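Order-wise, the sequence lines are chains A and B. Per the working numbering, the very first residue in the first sequence carries number 1; after that it's consecutive. Per the working numbering, the very first residue in the second sequence carries number 1001; after that it's consecutive. All C-beta atoms in this analysis are idealised placements derived from N, C-alpha and C, irrespective of residue type, glycine included. Nothing here was measured: the structure is a model prediction, and the numbers come from that model.
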Amino acid sequence: MIDARGLSCPMPVVMVQNEVKKSSPNELKVQVDSMVCVENITRFASSKKYDVVVEKKDGEFILTLKKQ
Amino acid sequence: MSKRINLWVIITGFVIGVAALALTAFGNPANMGFCIACFLRDIAGATKLHSASVVQYVRPEIIGLVLGSTILAVITGEFKPKAGSSPATRFIIGAFVMIGALVFLGCPLRMVIRMGGGDLNAFVGLGGFALGILIGIFFIKKGFTLKRNHPVTLTEGMAMPGLMIGLLVLLIAVPTVFAFSEEGPGSKHAPMLISLAIAIVVGALAQKSRICMVGGMRDAIMFKDFNLIAGFGAIFVTVLLGNIILGNFKGFSAYNQPIAHESWLWNLLGMALVGWGSVLLGGCPLRQLILAGEGNGDSAVTVLGMIVGAAFAHNFGLAGAASKLAEDGTYTAGGVATAGKIAVGIGFAVLLLISIVNILKKKTKEAAVI
């Protein structure tokens, strides 16, 4: 799981981008703590043909990216 | 990247454009309906942090932008007090971003507004801004980070909104404590309540849409994500068309533009400093105000750094001087004094140092991926 909590723009998306480039995983989990990151990662993921499921827990978010 | 553009970004860009035109019509200086750098500089003057008598006024637009963001963030549950991501470094970057902006004579938002007013100097500034963003992206790709923030107390999160409420109360109750310009840009302003009301709406929209002048270009280059840059475009088109409709547009020219100078190299370098610094900060000056309104203490510190940078800019003669056309037809070209040029040079050196020393070692970086 990528822990991108507390990082400012665009670091969370960069971390996801690096992981997708490196291993093109079928599934990837990302932990963030702001809606901005959820929106940015979702836009990036859908451009790379990933579906995104967002789970909210204690004010934080876990995004599950699955290859379409 | 997804071609999906958030409609809120377009709406916000349109509203900012209309608001900028309206504020100018109500009394703000030309091509300065909104300018975060100029308005923070005016607040620095009003609070006597500098004594440049022509740029002193408590701009209600700044108060409104922060409070608009706070109000919407509280309503939507996005108000989250957090801080601790290299605050002192952010303060210094904020100060140099401000110095770069005042050398150019405007923040990225005013740059777009100036472009929509036909000011070719702003297009040169845009080139510098893009250059600075590219430099910033280079370091981000190398692993630059100002590290994580962490949840903090409500008082920390309320620091900037609280400061703005305090300023507003003093402005209404005892305005005599402040210094106010009697001539020059600081003396030109829309009525207080109109500025405040418009800025609250814009602040809320900016919070909702995440509009960011630097984020637009950065995301387009890094991720082919054109969401935020659509807002940038919407402001430009709205201001341009608005100026044409209102009869303010006199064609594109670099000559005799409102509160601007034609020193192309320093317009370019000033905005390059702004672009680079803003990428390192994670957002333009407008975005820093909005984040500070959402409870981000790091952005609050950045805004304070900008205010101090503005004070330095005027106490040490670093800010650009605007060109002037006298009533007898004499034209005095403005520009940047030696001190300002040196300050920009120091700014680049400081940003380079900050960019290099904050590159995360690869080993540590991989540790973030559990």
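Where does residue i sit, in a helix, a strand or coil, going by DSSP?
| i | result |
| --- | --- |
| B:Asn1296 | strand |
| B:Ser1002 | The pLDDT assigned to B:Ser1002 is 45, lower than 50, so where the model puts this residue is not dependable, and the model offers no usable value. |
| B:Gln1207 | helix |
| B:Pro1151 | strand |
| B:Ala1367 | Note on B:Ala1367: pLDDT 47, under 50, position unreliable in the model; no value is reported. |
| B:Ala1052 | coil |
| B:Ile1259 | coil |
| A:Asn18 | helix |
| B:Asp1219 | helix |
| B:Lys1082 | strand |
| B:Asp1042 | helix |
| B:Ala1234 | helix |
| B:Phe1180 | coil |
| B:Phe1312 | helix |
| B:Phe949 | Residue 949 of chain B cannot be examined here, being either before or after the span of chain B that is shown, 1001 to 1370. |
| B:Gly1127 | helix |
| B:Arg1059 | coil |
| B:Lys1188 | coil |
| B:Thr1047 | coil |
| B:Ala1337 | coil |
| B:Ala1030 | coil |
| B:Ala1319 | coil |
| B:Gly1347 | helix |
| B:Leu1105 | coil |
So residue i and residue j are supposed to be a Cβ contact under 8 angstroms. How far apart are they, rounded?
| i | j | result |
| --- | --- | --- |
| A:Ser71 | B:Gly1282 | The structure shown does not extend to residue 71 of chain A, since chain A spans only 1 to 68, so no value can be given for it. |
| B:Val1112 | B:Ile1235 | 5 angstroms |
| B:Gly1293 | B:Ala1037 | The Cβ separation is near 18 angstroms, so there is no contact. |
| B:Gly1013 | B:Gly1233 | 7 angstroms |
| B:Gly1275 | B:Ile1133 | 4 angstroms |
| B:Ala1260 | B:Asn1121 | 5 angstroms |
| B:Asn1031 | B:Pro1258 | 5 angstroms |
| A:Val20 | A:Val38 | No, A:Val20 and A:Val38 are not in contact; Cβ-Cβ is about 17 angstroms, not under 8 angstroms. |
| B:Leu1067 | B:Met1164 | 6 angstroms |
| B:Leu1105 | B:Arg1041 | That belief does not hold up - the Cβ atoms of B:Leu1105 and B:Arg1041 are roughly 10 angstroms apart, past 8 angstroms. |
| B:Phe1034 | B:Ile1016 | 7 angstroms |
| B:Val1177 | B:Leu1167 | Between B:Leu1167 and B:Val1177 the Cβ distance is about 10 angstroms, and since that is not below 8 angstroms, they are no contact. |
| B:Pro1081 | B:Gly1162 | With 8 angstroms as the limit, B:Pro1081 and B:Gly1162 do not qualify as a contact, their Cβ atoms being about 12 angstroms apart. |
| B:Ile1137 | B:Val1350 | Incorrect: roughly 19 angstroms between the Cβ atoms, too far for contact. |
Please name the residue in the options whose C-alpha comes closest to that of residue i.
| i | options | result |
| --- | --- | --- |
| B:Gly1027 | B:Gly1184, B:Glu1327, B:Cys1284, B:Ala1292 | B:Gly1184 |
| B:Ile1071 | B:Ala1230, B:Leu1146, B:Leu1205 | B:Leu1205 |
| B:Ala1311 | B:Pro1151, B:Leu1268, B:Phe1039, B:Cys1284 | B:Phe1039 |
| A:Val32 | A:Ile62, A:Lys22, A:Lys66, A:Lys67 | A:Ile62 |
| B:Ala1130 | B:Asn1267, B:Ile1359, B:Arg1287 | B:Asn1267 |
| B:Gln1207 | A:Lys48, A:Ser34, A:Thr64, A:Leu65 | A:Ser34 |
| B:Gly1084 | B:Ser1299, B:Val1336, B:Ala1101 | B:Ser1299 |
| A:Val52 | A:Pro10, A:Phe44, A:Pro12 | A:Phe44 |
| A:Leu65 | A:Pro10, A:Gly6, A:Asn40 | A:Asn40 |
| B:Val1018 | B:Phe1223, B:Asn1006, B:Gly1116 | B:Gly1116 |
| B:Ile1229 | B:Arg1114, B:Met1217, B:Val1237, B:Met1222 | B:Met1217 |
| B:Val1303 | B:Phe1180, B:Asp1225, B:Gly1277, B:Val1237 | B:Gly1277 |
| A:Gln68 | A:Thr42, A:Lys48, A:Lys57, A:Met1 | A:Lys48 |
| B:Lys1324 | B:Leu1318, B:Thr1332, B:Gly1317 | B:Thr1332 |
| B:Gly1305 | B:Ser1053, B:Lys1188, B:Ile1099, B:Lys1048 | B:Ile1099 |
| B:Leu1373 | B:Leu1146, B:His1314, B:Gly1094, B:Ile1172 | No statement about residue 1373 of chain B is possible, as the shown extent of chain B runs from 1001 to 1370 and does not include it. |
| B:Pro1029 | B:Asn1248, B:Ile1211, B:Thr1145, B:Ile1092 | B:Asn1248 |
| B:Leu1286 | B:Lys1147, B:Ile1092, B:Ala1199, B:Gly1340 | B:Ala1199 |
| B:Gly1317 | B:Val1344, B:Leu1196, B:Thr1089, B:Ala1173 | B:Val1344 |
| A:Glu79 | A:Lys56, A:Asp3, A:Asp58, A:Tyr50 | Because chain A is modelled from 1 through 68, residue 79 of chain A falls outside the range shown and cannot be assessed. |
| B:Leu1049 | B:Arg1090, B:Ala1179, B:Gly1143 | B:Ala1179 |
| B:Ala1046 | B:Ile1194, B:Asp1219, B:Ile1307, B:Ile1140 | B:Ile1307 |
| A:Pro10 | B:Gly1215, B:Gly1270, B:Ser1195, B:Ala1190 | B:Gly1215 |
| A:Val14 | B:Thr1155, B:Asn1243, B:Lys1224 | B:Lys1224 |
| B:Tyr1255 | B:Ile1092, B:Arg1114, B:Ile1140, B:Tyr1057 | B:Arg1114 |
So if DSSP puts residue i in a beta bridge, which residue, or which two residues, is it bridged to?
| i | result |
| --- | --- |
| A:Thr64 | A:Lys29, A:Val53 |
| B:Ser1253 | B:Asp1119 |
| B:Lys1324 | B:Thr1332 |
| B:Ile1359 | B:Phe1144 |
| A:Asp3 | A:Gln31 |
Considering only heavy atoms of the ligand NAP, does any lie closer than 6 angstroms to the CB of residue i?
| i | result |
| --- | --- |
| B:Tyr1255 | Annotation note on the ligand NAP: not contained in the displayed structure, which lists no ligands. |
Does any residue of chain C have a CB that is nearer than 7 angstroms to the CB of residue i?
| i | result |
| --- | --- |
| A:Leu65 | The structure shown has no chain C; the protein chains it does contain are A and B. |
Under 8 angstroms (Cβ pairs) to chain B, residues found in the segment 26 to 51 of chain A: Closer than 8 angstroms at the C-beta level to chain B, one finds these residues of the segment 26 to 51 of chain A: Asp33, Ser34, Met35, Val36, Glu39, Asn40, Arg43, Phe44, Ser46, Ser47.
Output, in sequence order along the chain, the residues in the segment 12 to 27 of chain A whose CB is closer than 8 angstroms to any CB in chain B. Cβ proximity to chain B below 8 angstroms picks out Val13, Val14, Met15, Gln17, Glu19 from the segment 12 to 27 of chain A.
Beta carbons nearer than 9 angstroms to chain A: which residues of the segment 1053 to 1079 of chain B have them? Under the 9 angstroms Cβ criterion, the segment 1053 to 1079 of chain B contributes Thr1076, Gly1077, Glu1078.
What are the residues in the segment 1212 to 1233 of chain B lying within 9 angstroms of chain A by C-beta distance? Cβ contacts with chain A come from Cys1212, Gly1215, Arg1218, Asp1219, Met1222, Phe1223, Lys1224, Asp1225, Asn1227.
Identify each residue in the segment 1151 to 1165 of chain B for which the Cβ-Cβ distance to at least one residue of chain A is less than 7 angstroms, and report them in chain order. Within the segment 1151 to 1165 of chain B, no residue qualifies.
Output needed in chain order: residues of the segment 1190 to 1212 of chain B with a Cβ under 7 angstroms from some Cβ in chain A. Here the close residues are Arg1210.
Which residues, in chain order, does the segment 1285 to 1302 of chain B contribute to contact with chain A at a C-beta distance below 7 angstroms? For the segment 1285 to 1302 of chain B, which is checked against every Cβ of chain A, not one residue is closer than 7 angstroms.
Using a Cβ-Cβ cut-off of less than 8 angstroms, list which residues of the segment 1094 to 1113 of chain B approach chain A; keep chain order. Flagged: no residues at all.
Proximal residues, the segment 1114 to 1145 of chain B versus chain A, C-beta separation under 8 angstroms: The residues in question are Ile1140, Lys1141, Thr1145.
Determine which residues of the segment 1079 to 1093 of chain B have a Cβ less than 9 angstroms from any Cβ of chain A, and write them out in chain order. Answer set for the segment 1079 to 1093 of chain B: Lys1080, Lys1082, Gly1084, Ser1085.
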